[in-house]
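A.B. asks:
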Amino acid sequence: MDFSVLRNLISRYCAGEENWVDSRTVYVARKEPPPGAEAYIPQRYPDNRIVSSKYTFWNFIPKNLFEQFRRIANFYFLVIFLVQLIIDTPTSPVTSGLPLFFVITVTAIKQGYEDWLRHKADCSINKCGVDVVEQGKVVRTQSHKLRVGDVVMVREDETFPCDLILLSSSREDGTCYVTTASLDGESSHKTYYAVPDTMAFRTEQELDLLHATIECEQPQPDLYKYVGRMNIYKDGEEPIARSLGAENLLLRGATLKNTQHIYAVAIYTGMETKMALNYQSKSQKRSAVEKKMNAFLIVYLCILISKAVINTVLKYAWQWSPDHDEPWYNHRTESERQRHVVIRAFTDFLAFMVLFNYIIPVSMYVTVEMQKFLGSYFIAWDEEMFDQELGEGAQVNTSDLNEELGQVEYVFTDKTGTLTENNMEFIECCVDGNVYVPHAICNGQILSTASSIDMIDSSPGGYRREHEELFFRALCLCHTVQVKEAETVDGIKQGLHQGKPTAFYISSSPDEVALVEGMKRLGYTYLRLKDSHMEILNKDDEIERFELLHVLNFDSVRRRMSVIVKSSTGEYLLFCKGADSSIFPRVVSGKVEQVKARVEQNAVEGLRTLCVAYRRLSPAEYEEACHHLSNAKLALQDREHRLAQAYDIIERDFVLLGATAVEDRLQEKAADTIEALHKAGMKVWVLTGDKMETAAATCYASKLFRRSTQILELTKKRTEEQSLHDLLFELNRTVLHQRSLSGLSVDCLDFGLIIDGATLSAVLKHSPEGSGSGSYRDVFLDICRNCSAVLCCRMAPLQKAQIVKLIKASKEHPITLAVGDGANDVSMILEAHVGIGIMGKEGRQAARNSDYAIPKFKHLKKMLLVHGHYYYIRIAELVQYFFYKNVCFIFPQFLYQFFCGFSQQPLYDTAYLTLYNISFTSLPILLYSLVEQHVTMDTLKKDPSLYRDIAKNSLLRWPVFLYWTCLGVFDAVVFFFGAYFLFDNTTFTSNGQMFGNWTFGTLVFTVLVFTVTLKLALDTHHWTWINHFVIWGSLLFYVIFSLLWGGIIWPFLNYQRMYYVFMQMLSSGPAWLSIILLITLSLLPDVLNKVLCRALWPSATEHAQSNRPCLTVEPSSIYMLSQSSSRISF
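Just so you know, we're using the working numbering here: the sequence shown kicks off at 19 and counts up by one.
1. Taking all protein chains shown into account, decide if residue 904 is buried (16 or more other Cβ within 10 angstroms of its Cβ) or exposed.
2. Could you spell out where the beta strand (DSSP E) holding residue 149 opens and where it closes?
3. I'd like to check one pair, residue 547 with residue 605: are the Cβ atoms closer than 7 Å?
4. Ordered along the chain, which non-local residues of its own chain (more than five positions away) have a Cβ less than 7 Å from that of residue 600?
5. Please go through the same chain and pick out, in chain order, the residues whose beta-carbon is closer than 6 Å to the beta-carbon of residue 894, but skip the five residues on each side of it.
6. Only counting the same chain, and skipping five residues up and downstream in sequence, which positions put a Cβ closer than 6 Å to that of residue 648?
7. Checking 7 Å against the spacing of the C-beta atoms, do residue 932 and residue 113 come in under that value?
8. To the nearest angstrom, report how far apart residue 406 and residue 688 are at their CA atoms.
9. Who are the Cβ neighbours of residue 389 in its own chain at under 8 Å, not counting the five residues just before and after it?
10. Quick check: what's the CA-CA separation for residue 603 versus residue 744?
11. Could you work out which residue in 941, 1028 and 263 is closest to residue 1053 when comparing CA atoms only?
12. Would you kindly work out how many angstroms separate the C-alpha atoms of residue 277 and residue 455, rounded to a whole number?
13. Alpha carbons only, please: which of 312, 246 and 1034 is nearest the one belonging to residue 263?
14. Please report the Cβ distance between residue 1083 and residue 1089, rounded to the nearest whole angstrom; I am assuming they are in contact, meaning their Cβ atoms lie under 8 Å.
15. Could you check if residue 103 is buried or exposed, using at least 16 other CB atoms within 10 Å of its CB as the buried criterion?
16. I'd like to check one pair, residue 486 with residue 449: are the Cβ atoms closer than 7 Å?
17. DSSP three-state call for residue 976: helix, strand or coil?
18. Just curious, the alpha helix (DSSP H) that residue 817 is in, first and last residue?
19. How do the stretch 908-915 and the stretch 981-999 stand: do at least 3 beta-carbon pairs fall below 8 Å, yes or no?
20. By DSSP, does residue 180 sit in helix, in strand, or in coil?
21. If you scan the stretch 711-762 from start to end, which runs of the beta strand (DSSP E) of 3 or more residues do you find wholly inside it?
22. Examine the Cβ distances between the stretch 236-243 and the stretch 206-226 and report whether three or more of them are shorter than 8 Å.
23. Taking only three categories from DSSP, how would you classify residue 408?
24. Inspect the beta-carbon positions of residue 213 and residue 248 and report whether they are closer than 7 Å.
25. What runs of the beta strand (DSSP E), each 3 residues or longer, lie entirely inside the stretch 244-299?
26. Can you give me the Cβ contacts of residue 1092 inside the same chain, cut-off strictly under 6 Å, excluding the 5 residues immediately before and after it?
27. Unbroken alpha helix (DSSP H) runs of length 4 or more, entirely within the stretch 356-406: which are they?
28. Taking residue 1104 as the reference, give the member of 1118, 1034 and 1095 with the closest Cα.
29. Mapping DSSP to helix, strand and coil, what is residue 936?
30. Would you kindly work out how many angstroms separate the C-alpha atoms of residue 169 and residue 156, rounded to a whole number?
31. Please report the residue range of the beta strand (DSSP E) in which residue 171 lies.
32. Please name the residue or residues paired with residue 581 in a DSSP beta bridge.
33. Straight-line CA distance for residue 802 to residue 857?
34. Suppose the cutoff is 7 Å on Cβ atoms and the five residues either side in sequence are ignored; what does the same chain contact list for residue 685 look like?
35. Is residue 997 buried or exposed, if buried means 16 or more other CB atoms sit within 10 Å of its CB?
36. Inspect the CB distances between the stretch 136-154 and the stretch 70-79 and report whether three or more fall short of 8 Å.
Quick look at the structure:
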């Protein structure tokens, strides 16, 4: 037996995928390597079958039942149902079994139908055609038959069937263009590269001669990471090793564009493709309402157990007397006499548990789920949140957090692309202190009518002219921009303009396009990348060619990118551009002070700046750089770390050339949105990777900081002047002193904090030994609590998540919301209680990983202040109302035991017990929780302070919960004792006939149904025709059902104890009077409470309600409801 395989499997499945380090070997075209090259070890990989379905025909029932009964509520009612089957209980098993069966069946049908749709989608994908190269010929086969190692031919506009390594392309330079919109939402064309040694294999016959193996990492879900190497075997020669990276990997789901065809080898198939690995759901988030609901359930479970214990004890106290224990009309059997008293007591306890178990409603979970699912459509249908430019509206990726939108206390937002448009415009550049502004200023002179070719002064000194030309060449060469040279319009190629070639640029980074276009306006035009040579058109209309040797890609840690090129004269040049903080420390010469001053001035004006530097490499230095890069790229383990070390060695000893400035304008109504969030009581934090000055200027423009705001700086610059310990405690004393002086005036406490990434790293560490004043993070949190706004600049993506986690874990446990548009925001979006993605220009990673996605930042205002507000008040009422109506339902049953000798006699008929939560009282509260508007949408948008009324889960606090429970107990006492004292008159009916216990229970139940339904009607502020139909229709349904249930002889019933009971009760005038009196008396305390509270202690919401002109039916609501009724099946 191969123990290494077993060891690998154990390490993979026991230690966890992330700790498992291993690689796979793929044989291209599934051919064995040449003899003597290496041992051929056939490996088993999954086929290319995609399975997104959850169930099969055989496991659907057991698997679905197992998953449903993992929910505590379902399992609890299953136990109650089994108890009813096993022991002699006062109620039929149908009373628990039927509601449970209904809930389980409806859920199973819904999940089964959804899975059937997934099966259909999987089948259509798995059977689509794929071209495979076999023995020098192209063979058409089905996608699911594809295997790892197969060579695949993909044509233009076709989708890649699995993850592939590009071998060759129809393009001469071995590149192909791909769109990954279905993966990350980016519609721009990305360039991928064939392996240099295989790009010459252009036909099927040539590919059949290829002998190669690929060693690579095991499948992992990161779309932007791939580590591997290809070994190419040639006759009698040592194998050639070539590194493979993400630029060689074509992902399943991406589409081939602007390339006739490509040949590629399958590397990951089926459920091991990166797209399939990303199917895995994110960690489940639970809302504060759901947590509170579970706490209420525990309280009611304790009440249920207490009731059962009290009744069991009182029953045996009652039966202490022999006359009560065994009355003459109910003699025990011999077996009952011989049973131990403990067993009898336990059986009675279970019987009482069954009798009172309806206090915990199984239907509440179904209603809550339906409310969340159906309610989420209102966000998607909101026309005000539809963006015409994008052609998209808001999206709901999870409906479990709707009500959390109404509880947000902290908003963490990205800057670029979220607060700003991420639409870059080149403003100026600075070369050795000289400023160049396209079409405006050159070397300090105003140029009004100059053409772009005249932008550069043609007569500077030699040194200055050299740096000027190097600067412009650097920006034309140091990028990853793609060029589309010709655009077809009406069948005619438009590729020339005034005799000169024109082009437009495509890049995943708007900054790079802005810089290349800016250089074009200044006389240096980037033309194309052809045969590994970059071509630029200089100001003299001469084409310069530079051989592109290496690209040192940008990453968020280094915050710079570099290229190594070879000029036509044979000179090696390293050009680098990046953030000032990453360039200045690596500069050894150049006019640093002049450039730094200009960078700081531009940053204060809110412009995004980049610095540009270069270095000449000798042939020896170039060879050394190639050696470092080659070793790092060929490594299968820790490749990223080794590349970072190689980049660090190469990118040094720079000569500073200059800097650029581009403008990123604020998004429409971004300032208005932030101002509204502040008024609503939320604290807004901006987390960005930009430099402090640029970010601060944006914060002032967006009204995050006001001119009156006192700015507190906690930055690396300050910590160099003063120790972090002293600085933290000084800032803390400042805010605490100001708060003590201001007293109760909130207006005086307007502080703004600025912190950078380096200082944050120090703060998050534990305080030094013996500091004696608490950890740094506690002091930092104290400062933040007293600041109206916080700006965190120079943040790495992981630090953004750490900030969110820090606030979440603080002692107040506030509800947090994170909003961003890029891949660097995903970590904080996943960390926050609610994550919102902006459908921006940096791809759709944020939108894909978020709970909600919106087109623009301005839509956040309505999302929180209107939709969040409505969702919260609706579900809060739903939860409290469910507990209230079940207390009203069961407490009379508890009181009834005191009058029936604790015999477990049910007060209500089996049909009423079964249908109370399913039919009689379920629809009104469901509809209320979907359409209730206690104030109008316009009022909520105009007065954001109304959001404060529902903050901190105010409608589900324990005092409110206690009020609803006490109200339910009061109403139950009124129902029971009101009917009891009216029944005390034995001549209750006109013919002197006495009413029985079923009539008594029916009278109590009738008052109950009408009271709880009318209570909801009193709480309704927004009436529509659907409200009227459902509320009065539910009451009518109860009356009609009772008439039919008691007015017809049902053949399937052995005995019909309710026969003619309802009609007999309604035939009595006193019964009608008692129903009206008891309903009025039950509703009176709640009405008085509402009137007094509104008159004496009105809230801001109640003030807004009193100012509302009239409570009319709004056409928009009717339209939305008509849409919901036509689109959604209840």
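Each residue gets a CB set at the ideal place from its N, CA and C atoms; glycine is no exception. Since this is a predicted model, take the numbers as computed values, not measurements.
C.D. replies: In terms of the structure at hand:
1. The residue labelled residue 904 in the question sits at position 886 within the sequence shown. So residue 904 ends up on the buried side.
2. The residue you call residue 149 lines up with position 131 of the sequence shown. From DSSP, the beta strand (DSSP E) with residue 149 extends over 147-152.
3. Taking the sequence shown and counting its residues from 1, one reaches residue 605 at position 587. Taking the sequence shown and counting its residues from 1, one reaches residue 547 at position 529. No; because the gap between Cβ atoms is not below 7 Å, this pair is not in contact.
4. Locating residue 600 in the sequence shown gives position 582, counting from the first residue. Taken in chain order, the residues that qualify are 576, 577 and 578.
5. If you number the sequence shown from 1, residue 894 lands on position 876. 973 and 974, listed in sequence order.
6. For this step, residue 648 is matched to residue 630 along the sequence shown. Taken in chain order, the list of residues that qualify is empty.
7. Position 914 of the sequence shown, counted from the first residue, corresponds to residue 932. Position 95 of the sequence shown, counted from the first residue, corresponds to residue 113. Yes, these two residues count as a Cβ contact at 7 Å.
8. To locate residue 406, count along the sequence shown from 1; it is residue 388. To locate residue 688, count along the sequence shown from 1; it is residue 670. Answer to the nearest angstrom: the Cα atoms are 18 Å apart.
9. Within the sequence shown, the letter at position 371 stands for residue 389. Excluding residues within five positions, the ones whose Cβ falls inside 8 Å are 892, 893, 896, 944, 947 and 948.
10. Your numbering for residue 603 matches position 585 in the sequence shown. Your numbering for residue 744 matches position 726 in the sequence shown. Distance between the alpha carbons of residue 603 and residue 744: 27 Å.
11. Here residue 1053 refers to the residue found at position 1035 when the sequence shown is read from its first residue. Of 941, 1028 and 263, the residue nearest in Cα terms is 1028.
12. On the sequence shown, residue 277 is found 259 positions in, with the first residue counted as 1. On the sequence shown, residue 455 is found 437 positions in, with the first residue counted as 1. Those two C-alpha atoms are separated by around 38 Å.
13. Sequence index remark: in the sequence shown, residue 263 carries index 245 (1-based). Looking at the Cα atoms, 246 is the closest of the given residues.
14. The residue given as residue 1083 occupies position 1065 in the sequence shown. The residue given as residue 1089 occupies position 1071 in the sequence shown. Contact holds; Cβ gap of about 5 Å.
15. Locating residue 103 in the sequence shown gives position 85, where the first residue counts as 1. Residue 103 is exposed by the Cβ-count criterion.
16. Along the sequence shown, read from residue 1 onward, the residue named residue 449 stands at position 431. Along the sequence shown, read from residue 1 onward, the residue named residue 486 stands at position 468. Cβ distance < 7 Å, so residue 449 and residue 486 count as in contact.
17. Position 958 of the sequence shown, counted from the start, is the residue given in the question as residue 976. Residue 976 falls in the helix class under three-state DSSP.
18. Here the question's residue 817 lines up with position 799 in the sequence shown. Looking at the DSSP string, the run of the alpha helix (DSSP H) that includes residue 817 is 815-826.
19. yes
20. Taking the sequence shown and counting its residues from 1, one reaches residue 180 at position 162. Residue state, collapsed to three classes: coil.
21. 728-732
22. no
23. Translated into positions along the sequence shown, residue 408 becomes position 390. It is coil, neither helix nor strand.
24. Working through the sequence shown from its first residue, we reach residue 213 at position 195. Working through the sequence shown from its first residue, we reach residue 248 at position 230. Closer than 7 Å, so yes.
25. 246-250, 258-262, 273-275 and 279-286
26. Numbered from 1 along the sequence shown, position 1074 holds the residue referred to as residue 1092. The answer, listed in chain order, is 1000.
27. 359-374, 381-393 and 395-398
28. Here residue 1104 refers to the residue found at position 1086 when the sequence shown is read from its first residue. Nearest of 1118, 1034 and 1095 to residue 1104, Cα basis: 1034.
29. Looking up residue 936 in the sequence shown gives position 918. Helix, per DSSP.
30. Mapped onto the sequence shown, residue 169 falls at position 151. Mapped onto the sequence shown, residue 156 falls at position 138. For residue 169 and residue 156, the distance between alpha carbons rounds to 10 Å.
31. Translated into positions along the sequence shown, residue 171 becomes position 153. Residues 169-173.
32. Here the question's residue 581 lines up with position 563 in the sequence shown. Looking at the DSSP assignment, residue 581 forms a beta bridge with 569 and 593.
33. Within the sequence shown, residue 802 is the residue found at index 784, counting from 1. Within the sequence shown, residue 857 is the residue found at index 839, counting from 1. Looking at the two C-alpha atoms, the distance is approximately 30 Å.
34. Counting from one through the sequence shown, the residue named residue 685 turns up at place 667. Only 437, 438, 439, 874, 875 and 876 meet the Cβ criterion.
35. Position 979 of the sequence shown, counting from 1, holds the residue named residue 997. Buried.
36. yes
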